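Input: a single structure, listed below in structure tokens.
There are 2 protein chains.
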Amino acid sequence: MNQRVHARYWIETAYPLADAAAMMAGEQSTGTFVRVPGETDQLRELYAARVEQIVETGAVEKPSLAGSGAPRAHSGPLTRRTAEVTLSWPLENMGPSLPNLLATVAGNLFELKPFSGLKLLDVTLPAAFLGSYQGPQFGVSGTRQLTGVYGRPIIGTILKPSVGMTPEQTASQVKMLAEAGVDFIKDDELQADGPHCPFEQRVPAVLSVLNEFAQKTGKRPMYAANITGEMDQMLRRHDLVLSRGGSCAMVSLNSIGLPALTALRRHAQLAIHGHRNGWGMFSRSHATGMSFIAYQKFWRLAGIDHVHVNGLRNKFCEEDASVIASARECLTPMFPSPHPGCQVMPVFSSGQSADQVPDTFRALSAVAPGCVDLIYACGGGILAHPQGPPAGVRSLRQAWEAAAAGVSLPEYALRHAELRAALETFAS
Amino acid sequence: MNQRVHARYWIETAYPLADAAAMMAGEQSTGTFVRVPGETDQLRELYAARVEQIVETGAVEKPSLAGSGAPRAHSGPLTRRTAEVTLSWPLENMGPSLPNLLATVAGNLFELKPFSGLKLLDVTLPAAFLGSYQGPQFGVSGTRQLTGVYGRPIIGTILKPSVGMTPEQTASQVKMLAEAGVDFIKDDELQADGPHCPFEQRVPAVLSVLNEFAQKTGKRPMYAANITGEMDQMLRRHDLVLSRGGSCAMVSLNSIGLPALTALRRHAQLAIHGHRNGWGMFSRSHATGMSFIAYQKFWRLAGIDHVHVNGLRNKFCEEDASVIASARECLTPMFPSPHPGCQVMPVFSSGQSADQVPDTFRALSAVAPGCVDLIYACGGGILAHPQGPPAGVRSLRQAWEAAAAGVSLPEYALRHAELRAALETFAS
Numbered sequence: 009m010n011q012r013v014h015a016r017y018w019i020e021t022a023y024p025l026a027d028a029a030a031m032m033a034g035e036q037s038t039g040t041f042v043r044v045p046g047e048t049d050q051l052r053e054l055y056a057a058r059v060e061q062i063v064e065t066g067a068v069e070k071p072s073l074a075g076s077g078a079p080r081a082h083s084g085p086l087t088r089r090t091a092e093v094t095l096s097w098p099l100e101n102m103g104p105s106l107p108n109l110l111a112t113v114a115g116n117l118f119e120l121k122p123f124s125g126l127k128l129l130d131v132t133l134p135a136a137f138l139g140s141y142q143g144p145q146f147g148v149s150g151t152r153q154l155t156g157v158y159g160r161p162i163i164g165t166i167l168k169p170s171v172g173m174t175p176e177q178t179a180s181q182v183k184m185l186a187e188a189g190v191d192f193i194k195d196d197e198l199q200a201d202g203p204h205c206p207f208e209q210r211v212p213a214v215l216s217v218l219n220e221f222a223q224k225t226g227k228r229p230m231y232a233a234n235i236t237g238e239m240d241q242m243l244r245r246h247d248l249v250l251s252r253g254g255s256c257a258m259v260s261l262n263s264i265g266l267p268a269l270t271a272l273r274r275h276a277q278l279a280i281h282g283h284r285n286g287w288g289m290f291s292r293s294h295a296t297g298m299s300f301i302a303y304q305k306f307w308r309l310a311g312i313d314h315v316h317v318n319g320l321r322n323k324f325c326e327e328d329a330s331v332i333a334s335a336r337e338c339l340t341p342m343f344p345s346p347h348p349g350c351q352v353m354p355v356f357s358s359g360q361s362a363d364q365v366p367d368t369f370r371a372l373s374a375v376a377p378g379c380v381d382l383i384y385a386c387g388g389g390i391l392a393h394p395q396g397p398p399a400g401v402r403s404l405r406q407a408w409e410a411a412a413a414g415v416s417l418p419e420y421a422l423r424h425a426e427l428r429a430a431l432e433t434f435a436s
Numbered sequence: 009m010n011q012r013v014h015a016r017y018w019i020e021t022a023y024p025l026a027d028a029a030a031m032m033a034g035e036q037s038t039g040t041f042v043r044v045p046g047e048t049d050q051l052r053e054l055y056a057a058r059v060e061q062i063v064e065t066g067a068v069e070k071p072s073l074a075g076s077g078a079p080r081a082h083s084g085p086l087t088r089r090t091a092e093v094t095l096s097w098p099l100e101n102m103g104p105s106l107p108n109l110l111a112t113v114a115g116n117l118f119e120l121k122p123f124s125g126l127k128l129l130d131v132t133l134p135a136a137f138l139g140s141y142q143g144p145q146f147g148v149s150g151t152r153q154l155t156g157v158y159g160r161p162i163i164g165t166i167l168k169p170s171v172g173m174t175p176e177q178t179a180s181q182v183k184m185l186a187e188a189g190v191d192f193i194k195d196d197e198l199q200a201d202g203p204h205c206p207f208e209q210r211v212p213a214v215l216s217v218l219n220e221f222a223q224k225t226g227k228r229p230m231y232a233a234n235i236t237g238e239m240d241q242m243l244r245r246h247d248l249v250l251s252r253g254g255s256c257a258m259v260s261l262n263s264i265g266l267p268a269l270t271a272l273r274r275h276a277q278l279a280i281h282g283h284r285n286g287w288g289m290f291s292r293s294h295a296t297g298m299s300f301i302a303y304q305k306f307w308r309l310a311g312i313d314h315v316h317v318n319g320l321r322n323k324f325c326e327e328d329a330s331v332i333a334s335a336r337e338c339l340t341p342m343f344p345s346p347h348p349g350c351q352v353m354p355v356f357s358s359g360q361s362a363d364q365v366p367d368t369f370r371a372l373s374a375v376a377p378g379c380v381d382l383i384y385a386c387g388g389g390i391l392a393h394p395q396g397p398p399a400g401v402r403s404l405r406q407a408w409e410a411a412a413a414g415v416s417l418p419e420y421a422l423r424h425a426e427l428r429a430a431l432e433t434f435a436s
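Residue numbers (my numbering), protein chains in the order written: chain A, 9 to 436; chain B, 9 to 436.
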């Protein structure tokens, strides 16, 4: 098993960079605060993490985070430098196990005293992990097969209000949305099995509506039923969705954890829709946590098929550059050919409408020219369209047609009334 | 189910505080960015989160986190105020489900644009959660029974080097530590099932040493075997520990997630030792994430018996006041009598020795006079004692005797050579 795990970090420290990086490597492999007799040279040579690279990136006047320390010998004004540090570990240390990998690359490091900032930017895993994990079952092409949508984004929407609707009200909203032409409908992450809207009533009601719609029209929108719960509940709910003709199960990733997702994936015959609610805890500070680039690799390998990436000009704090980097990464292979790349569908959402389509299209063209492999989820962009939800859906399809044809939205809107109304209503 | 979940947050915002709090409540219950037809007054009345309290705490000149916004109408210099906000939700919204509770109280909130800081400080749960979750099986009194240690802290230690030892080397270190007199020995969080030290070889080797030791001496130190892994692996490893006479299984909480812990707890006949590695991602920024007070409630209810709280004058960034608050909370009931309080053993570690004992004792006396319900884990404080590990353990027992007797360490050290040597070596 002569393979290594690599992890890249952003750090901020008052220590010499080489010392700081060595402390990171020591803490997360053979080291301890006190050198113990068992830590021989041979042991270190075999199992110690290696500092692979240190790239200094700048300096800061004030520490980003409180509580860090300075070298003892230090006197005079303190310079805190920033750098990108790459460490590597032999796979021998933790084996191809995602929970134990997480303890290694994202364990005690964040709290180490020499660091006033430390963030995990990326991980690169040996293909041996593919022996333990299945990766996405459906991914991009499977999701297209399940929805029957090709050559354009999957137009999605989220059931709102987030909570409070009965199973019957939910089903009736789903009917309206299916008739409006959406390809994909998801539960809100706040609604899984609330006592006023039990999963076992809501999901059969919703799927019955969609089955009827499919019989009439030949089109079957994908419904991501929020199965988030305990392990046994999630498997049971998966089976209920499957037995009623559904094709997708949604989970709140941070609520369930990696081993639950891995177990669900082993059992799954449905596409797994990964919601990242709570992601802000990992991302909101520039100085701690982890980047989405690193985060999504764990979940892709464990088996999600879709994952949320926010959207351009979203209503949250995330910048467009970050959204784009996240979406591109979802579509970039995790392992070199001939290994599976484990690509997943990025899900755009939050304040999305026709308005952001050309920029989103351009951003994804960097993955592959004309790439439209995404779920484009709109709430208000559909429901608040002045001509009604069907026109809202049409405005989105028109916007993507325009983008693919290289025609500007205003120009395309001259001959497409729904798009024109959308631009008048939603343009930023 | 006329019960409510409460959550208290620290916020920093340029918006009027009442508006900001209302946005939090809306986002995490019935609201959406665009008011939809289904969000009726009646629905809001039944299911909307309530703003229970807003306590302004100050103002900041610069935003703690980047990316936040200001009210549109705003002009002139921006004041960002800080406050503590308490929200409440009807249990009807999510039911007594920890994963779905987490999506509600710690979901999208952190990324909301009006906030340049938002941290979850505490949650208060209705006792209905005790219908779904078992809480700690052993807790404080059960851990005392399993270890046979009464009237003083459980003196523990961590196997080091963290990784690199073979199963035989590990067992031989355990033998040395048992003979030194420790009550508790844990695997490092970096060592679960590394290919060079497989769980199925290490754990039988270690427990065989401890069984032999128990036969000879009548004393059986508790060994927290790191079972962290996939769901099926964890249950299998639990059973192996049990079948070889072990009494404790350790898991990396952030690696495994709540549903895996709940499933493990349902299966468990061993005490569950909760390691919080990765905790820095939630705690290092004052402006995002969650407090340990909130965090540990989820895990206690799901079923841990012990949880790490760092230690006084530790080698990490955490301040003493935070360590103390965490430890006290572990020993404070989560639910009022006659419900179970779900108290768990706080585990002190990181640079601990005899030196911190009096302050630790004083800090825990606030829970109950003379309270010594903790695991006091020392690495160097035992192994680096100048008279050897047995003297290291004796120095710790002496320090706790002194604290309980109200005698200062220097005074007690006059007649206790091991303590004297410890103070000379480790005093801060």
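All C-beta atoms in this analysis are idealised placements derived from N, C-alpha and C, irrespective of residue type, glycine included. Please read all numbers here as calculations on a predicted model, not as lab measurements.
Through-space distance from residue j to residue i, alpha-carbon basis
i              : j              : result
L261 (chain B) : G282 (chain B) : 6 Å
I383 (chain B) : F290 (chain A) : 30 Å
V13 (chain A)  : T151 (chain B) : 37 Å
M9 (chain B)   : W97 (chain B)  : Only weak support is given to the placement of M9 (chain B): the predicted model assigns it a pLDDT of 46, under 50, and the question is left unresolved by the model.
P346 (chain B) : T174 (chain B) : 48 Å
V375 (chain A) : I163 (chain A) : 20 Å
L110 (chain A) : S263 (chain B) : 6 Å
P438 (chain A) : A114 (chain A) : Past the boundaries of the shown model lies residue 438 (chain A); chain A is included only from 9 to 436, so the question cannot be answered.
V131 (chain A) : A213 (chain A) : 42 Å
F118 (chain A) : R284 (chain B) : 12 Å
R308 (chain A) : A57 (chain B)  : 33 Å
E197 (chain A) : S170 (chain A) : 8 Å
G253 (chain B) : L215 (chain B) : 7 Å
Residue closest to residue i, alpha-carbon to alpha-carbon, out of the options
i              : options                        : result
D381 (chain B) : B:A257, B:C338, B:W97, B:K168  : B:C338
Q199 (chain B) : B:L167, B:A222, B:K70, B:F343  : B:L167
Q241 (chain B) : B:L218, B:L417, B:L272         : B:L272
E100 (chain A) : A:P134, A:L129, A:K127         : A:P134
A399 (chain B) : B:S373, B:E220, B:S83, B:R428  : B:R428
Y158 (chain A) : A:S416, A:Q223, A:G378         : A:G378
L86 (chain A)  : A:E69, A:V214, A:K127, A:T94   : A:E69
A412 (chain B) : B:F369, B:F434, B:A435         : B:F369
G143 (chain B) : B:I312, B:S373, B:E326, B:S416 : B:I312
E92 (chain A)  : A:A26, A:G226, A:Q209          : A:A26
Q277 (chain A) : A:W287, A:R292, A:P267, A:A257 : A:A257
Residues sharing a beta bridge with residue i, DSSP
i              : result
T94 (chain B)  : B:R16, B:Q61
K194 (chain B) : B:I166, B:A232
A385 (chain A) : A:G164
K127 (chain B) : B:W18
Where residue i sits in the DSSP three-state scheme
i              : result
T433 (chain A) : helix
S416 (chain B) : coil
M32 (chain B)  : helix
N234 (chain A) : strand
V249 (chain A) : helix
P71 (chain A)  : coil
H275 (chain B) : helix
F137 (chain A) : helix
A257 (chain B) : strand
M9 (chain A)   : Unreliable placement is indicated for M9 (chain A), whose pLDDT of 47 sits below 50; the coordinate value is still reported in the next sentence. Note: M9 (chain A) maps to coil in three-state DSSP.
F146 (chain A) : coil
K224 (chain A) : helix
Min CB distance residue i to chain E below 8 Å
i             : result
R89 (chain B) : Within the model displayed, chain E is absent; protein chains A and B are what it includes.
Check whether the stretch 399 to 415 of chain A and the stretch 354 to 369 of chain A are in contact - that is, three or more C-beta pairs closer than 8 Å.
Three or more Cβ pairs closer than 8 Å define a contact, and the stretch 399 to 415 of chain A meets that threshold against the stretch 354 to 369 of chain A.
Is it the case that the stretch 78 to 87 of chain B contacts the stretch 414 to 431 of chain A, given that we only count it when at least three CB pairs across the two stretches are under 8 Å?
Contact fails: fewer than three Cβ-Cβ distances are below 8 Å.
Between the stretch 216 to 235 of chain B and the stretch 219 to 237 of chain A, do at least 3 Cβ pairs fall closer than 8 Å?
Proximity of the stretch 216 to 235 of chain B to the stretch 219 to 237 of chain A falls short of the contact definition, fewer than three beta-carbon pairs being nearer than 8 Å.
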